[in-house]
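J.:
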Amino acid sequence: MPLHMTKVAYGAQSLAEVHGWFAQRGEVARLTTRYLPKRHAEMIGGSVFWILKHQLVARSEILGFEEAEGGRTNIVIAARLIDVRPKPRRAHQGWRYLEDADAPADLTDGEETGDILPGHIAGELARLGLV
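Residue numbers for the sequence shown follow the numbering used here, beginning at 183 and rising by one.
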């Protein structure tokens, strides 16, 4: 089972905005981080799960890692976002590991985030620590 990571979709106001970020990037995108994750070999084939308004809402597959300028590391991800069933997650700086057992399931065809629990309600419940 692959290892995943979580990352805040900093600055995004909606899931549509996050989708817009990746719509113009082609096949792959790169996230620059200061250090290569110690467990990077386990993460290839896993996903970056995006946090928006205290919920995991979408994921991008991790394709690999490469060196970047200044001794940094690029996390190479697929630019295609896959929406997932919203799952509460506190915001954090940088990225955090996410075990496969804790990762939310993908939304099925025709299913929308609002079919599970409206985003604004889920966000408020998460903020209150109730979900």
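Where is the CB? At the ideal position from N, CA and C, for every residue including glycine.
1) With burial defined as no fewer than 16 other Cβ atoms inside 10 Å of the residue's Cβ, what is the status of Ser-242: buried or exposed?
2) Opposite Pro-270 in the DSSP bridges: which residues?
3) Figure out for me which residue from Ile-264, Glu-249, Ala-223 and Met-183 has the closest Cα to the Cα of Val-200.
4) Output the distance between the C-alpha atoms of Phe-204 and Ala-283, rounded to the nearest integer angstrom.
5) Thr-188 and Ile-233 look like a contact to me (Cβ under 8 angstroms); what is the Cβ gap, rounded to whole Å?
6) State the Cα-Cα distance for the pair Pro-184 and Ala-285, rounded to the nearest angstrom.
T.: So, from the data block:
1) Taking the first residue of the sequence shown as 1, we reach residue 242 at position 60. By the neighbour-count rule (16 or more Cβ atoms within 10 Å), Ser-242 is buried.
2) Start at 1 with the first residue of the sequence shown, and residue 270 comes out as number 88. Gln-237, per the DSSP bridge assignment.
3) Here residue 200 refers to the residue found at position 18 of the sequence shown. Answer by Cα proximity: Ile-264.
4) Your numbering for residue 204 matches position 22 in the sequence shown. Your numbering for residue 283 matches position 101 in the sequence shown. The alpha-carbon atoms of Phe-204 and Ala-283 are separated by roughly 26 angstroms.
5) The residue given as residue 188 occupies position 6 in the sequence shown. The residue given as residue 233 occupies position 51 in the sequence shown. Their Cβ separation, rounded to whole angstroms, is 6 angstroms, which keeps Thr-188 and Ile-233 in contact under 8 angstroms.
6) Taking the first residue of the sequence shown as position 1, residue 184 is located at position 2. Taking the first residue of the sequence shown as position 1, residue 285 is located at position 103. Distance between the alpha carbons of Pro-184 and Ala-285: 11 angstroms.
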